[in-house]
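Report on the structure given below.
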Amino acid sequence: MERKYEDMRSCWEFGEASECRRGLMLGMGYTEEELNRPLIAVVNSWNEYNPGHVHLNQLAERVKQGIREAGGLPLEVGTTAICDGMVLKDPKYIEIHSRNLIADQVELTVDGNFFDGMVLLSTCDSIVPGHLMGCARLDIPAIVVTGGYMPLGTFRGKEVVHIRAQDKVGAMAEGKIDPDLYNGLIQHSWGICGGCTSMTTANSMCMMAEAMGMTLPGNSSMSAVSSEIRNLSYRAGLRIM
112 MERKYEDMRS CWEFGEASEC RRGLMLGMGY TEEELNRPLI AVVNSWNEYN
162 PGHVHLNQLA ERVKQGIREA GGLPLEVGTT AICDGMVLKD PKYIEIHSRN
212 LIADQVELTV DGNFFDGMVL LSTCDSIVPG HLMGCARLDI PAIVVTGGYM
262 PLGTFRGKEV VHIRAQDKVG AMAEGKIDPD LYNGLIQHSW GICGGCTSMT
312 TANSMCMMAE AMGMTLPGNS SMSAVSSEIR NLSYRAGLRI M
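Taking our numbering, I'd label the letters of the sequence shown as residues 112 to 352.
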């Protein structure tokens, strides 16, 4: 098959390996014209258990839309995403090892398949560093889209943050706080999705990624539920091309 972009990483010389991949992708329903485009990995750490990542599938769709409109072929792949607020067994051990695993996943999937570039979506503590480490290992065109901060909760007419609720756990255990007040704080101190409402590693790692120039400007100060972060995701898809 004649290739339009002969200098692309994904443009392997004719042979058994390249023709096998071509046949497999045609079998999945891709067209010859699509296979002639730059192949862009959309590395999505979405899952249904991590509140910082539960909305990333929506942002990934906007990224893929931008890539397609700019002439690329987006192909979504996944990585592990563990929230340290959800892990109950050895959280620090699991978090640091998951970071290294994520970097390995990015390297093996993207490099092994010779993608031409990648857009990586992540929000939380060890996932953003894992994606950045994967970018450093590969040194190909890459943009990180961080998922935004969690909106503040409200309870009894006031804004509340999760630190306040966590501070009351001891009082609840000792019977020194009204159960209705305690349960209300627990229920309303976390928003629907995004990085938790405190200057901890979810938000600070997103800021670090932006300071390094790995995200589009302004990404780390956007709300996870805003229209602007969906717009930024689309622009990231355009920009990677």
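From the three backbone atoms N, C-alpha and C, an ideal C-beta is built for every residue, glycine too.
Identify whether residue i lies in helix, strand or coil by the three-state DSSP scheme.
i    : result
V165 : coil
T312 : helix
M197 : coil
G119 : Correcting the residue type first, residue 119 is Met in the shown sequence and not Gly. Reduced to three states, the DSSP call for M119 is coil.
E270 : strand
T142 : coil
S331 : helix
A247 : helix
P290 : helix
S233 : strand
For my contact list, residue i and residue j are in at a C-beta cut-off of 8 angstroms; report their separation, rounded to the angstrom.
i    : j    : result
A214 : V255 : A214 to V255, Cβ: 13 angstroms. No contact.
V336 : P262 : 6 angstroms
S300 : R275 : 6 angstroms
T234 : N330 : About 11 angstroms; that fails the 8 angstroms criterion.
I159 : A171 : Here residue 159 is Glu; the residue named in the question, Ile, does not match the sequence. No, E159 and A171 are not in contact; Cβ-Cβ is about 14 angstroms, not under 8 angstroms.
M316 : P240 : 6 angstroms
L296 : K279 : 6 angstroms
Cβ of residue i within 7 angstroms of Cβ of residue j?
i    : j    : result
S237 : E206 : yes
G177 : Y345 : yes
M229 : V154 : yes
N211 : Y260 : no
L150 : M136 : no
R350 : D227 : no
N168 : C194 : no
G324 : G264 : no
In whole angstroms, what is the alpha-carbon distance linking residue i and residue j?
i    : j    : result
S338 : G348 : 16 angstroms
R133 : I340 : 35 angstroms
R179 : P185 : 7 angstroms
M112 : W123 : Low local confidence applies: a pLDDT of 45 at M112 is under 50, so the model's placement there is unreliable, with the coordinate-based value given in what follows. Rounded to the nearest angstrom, the two C-alpha atoms are 11 angstroms apart.
L231 : C304 : 18 angstroms
A128 : C246 : 25 angstroms
G140 : T220 : 21 angstroms
L292 : Q277 : 13 angstroms
T308 : S332 : 12 angstroms
P328 : I251 : 20 angstroms
Kindly indicate which residue of the options has the alpha-carbon position closest to the one of residue i.
i    : options                : result
G196 : G306, T190, M119, G223 : G306
F225 : A152, K200, W157, L292 : A152
V157 : E143, T190, L249, R148 : This sequence places Trp at residue 157; Val is not what is there. Nearest option by C-alpha distance: T190.
V272 : H242, T311, V198       : T311
Is there a C-beta anywhere in chain D that falls below 7 angstroms from the one on residue i?
i    : result
G196 : Chain labels in this structure do not include chain D; a single protein chain is all it has.
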